Amino acid sequence: MFGRGIKLFRLFGIQVELHWTFLLALVLWGVLGRFGFAANLLLGLTVFGSVLVHELGHSLVAMRRQVRIAGIELHFFGGVAKMVDLPRNPRDEIAIAAAGPLTSLGLAVLAGTSWWLTGLAPLAWVAQVNLTLAIFNLLPALPMDGGRIFRAALQTRLGGLRATRIASTVARGFAVAIAVLGLFTDPFLVLLAVLLWTMAGQERRLAEWRHLEATGLPQVKIVFRDAFGRTMVVEDIGQRW
Ligand SMILES: [Zn+2]
Numbered sequence: 001m002f003g004r005g006i007k008l009f010r011l012f013g014i015q016v017e018l019h020w021t022f023l024l025a026l027v028l029w030g031v032l033g034r035f036g037f038a039a040n041l042l043l044g045l046t047v048f049g050s051v052l053v054h055e056l057g058h059s060l061v062a063m064r065r066q067v068r069i070a071g072i073e074l075h076f077f078g079g080v081a082k083m084v085d086l087p088r089n090p091r092d093e094i095a096i097a098a099a100g101p102l103t104s105l106g107l108a109v110l111a112g113t114s115w116w117l118t119g120l121a122p123l124a125w126v127a128q129v130n131l132t133l134a135i136f137n138l139l140p141a142l143p144m145d146g147g148r149i150f151r152a153a154l155q156t157r158l159g160g161l162r163a164t165r166i167a168s169t170v171a172r173g174f175a176v177a178i179a180v181l182g183l184f185t186d187p188f189l190v191l192l193a194v195l196l197w198t199m200a201g202q203e204r205r206l207a208e209w210r211h212l213e214a215t216g217l218p219q220v221k222i223v224f225r226d227a228f229g230r231t232m233v234v235e236d237i238g239q240r241w
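Put into structure tokens, the structure is as follows:
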């Protein structure tokens, strides 16, 4: 699935790519946003930069903990730092998962303080976008960062498979709640809920496959469609944040 995006540049040796859905999001944002086209686009680019910094936060902590990064992909719903290896233990997983929201939170505080000192309106945007990123990603719904932290916390006592099953069920509960909320407020939330539901299922299948592999049962190859309708073979998927 990786490598089909538009290659942008390398940062700290990490290839940054754009998925076509990100460009779609940028255009939609420009047209449907609250401000004029140019201002909306600028806000869209602020989101782009903020998501990129968030994913870099994950990536750099991952690399420090001997988890290789295949690249960062930005798409409609944000970004993905694609890990080649699995974190070696739940503690590493928590550190890598927490790095993204903490980076966003740090950037929000920095931008907020700068805004307070200078009164420059775009800085208020940067603060708002990053605060939203931090809070949204801390939702304890797998595969969101908060969900990964929740799963890793359960894992020490319950093992990877049970922890993932519980975390993905909780995530699907969140998906239902978000969908219901979206029906009354914003249709975008319904779309988000569908994506969350699908991805929570993928995480569960992935954990089941890993469990089968680890217990030495006959190897199975699971083929399914990912959230963007692409066919995936489970062996191709690394851990994602
Ligand atoms: Zn994240």
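Counting with our numbering, you get residues 1 to 241 for the letters of the sequence shown.
Virtual Cβ for every residue (Gly too), placed ideally from N, Cα, C.
This one's a predicted model, so the numbers in the text were calculated from it and none came from an experiment.
Alpha helix (DSSP H) segment containing residue i, residue limits
i      : result
PHE9   : First-last for PHE9: 6–11, but that is the beta strand (DSSP E), not the alpha helix (DSSP H).
MET63  : 37–64
ALA177 : 160–184
PRO90  : 90–118
LEU195 : 187–214
LEU131 : 121–137
Separation of residue j from residue i, as counted between CA atoms
i      : j      : result
GLN15  : LYS7   : 7 angstroms
LEU196 : GLY146 : 13 angstroms
GLU213 : ALA193 : 30 angstroms
LEU110 : GLY100 : 15 angstroms
ARG91  : GLU17  : 29 angstroms
GLY173 : VAL180 : 11 angstroms
PHE9   : PHE22  : 16 angstroms
GLN155 : ARG148 : 10 angstroms
PRO187 : VAL61  : 35 angstroms
ARG157 : ALA134 : 27 angstroms
TRP125 : THR215 : 50 angstroms
ASN89  : VAL47  : 32 angstroms
GLY36  : PHE76  : 21 angstroms
THR198 : HIS19  : 19 angstroms
PHE136 : GLY57  : 16 angstroms
VAL53  : LEU138 : 16 angstroms
ALA153 : THR169 : 16 angstroms
LEU28  : ALA121 : 23 angstroms
LEU11  : LEU117 : 30 angstroms
ILE178 : LEU42  : 28 angstroms
THR132 : THR185 : 18 angstroms
CB of residue i within 9 angstroms of CB of residue j, strictly
i      : j      : result
PRO140 : PHE150 : yes
GLY30  : ASN40  : yes
GLY112 : ALA127 : yes
GLY79  : GLU55  : yes
ARG205 : GLY160 : no
ILE94  : VAL67  : no
ALA167 : GLU203 : yes
ALA200 : ALA163 : no
ALA70  : VAL84  : yes
GLU73  : GLY5   : yes
LEU123 : TRP115 : yes
ALA25  : GLY13  : no
SER59  : ALA38  : no
Nearest-angstrom beta carbon gap, residue j and residue i [assumed within contact, 8 angstroms]
i      : j      : result
VAL190 : LEU183 : 6 angstroms
ASN130 : LEU102 : Not quite, the Cβ-Cβ distance comes to about 11 angstroms (not below 8 angstroms), so this is no contact.
PRO87  : ARG65  : 7 angstroms
The beta strand (DSSP E) enclosing residue i, as first and last residue numbers
i     : result
LEU18 : 14–18
ALA70 : 69–75
ALA81 : 78–83
C-beta neighbour in chain C for residue i, strict 9 angstroms
i      : result
GLY106 : Included in the structure is just one protein chain, with no chain C present.
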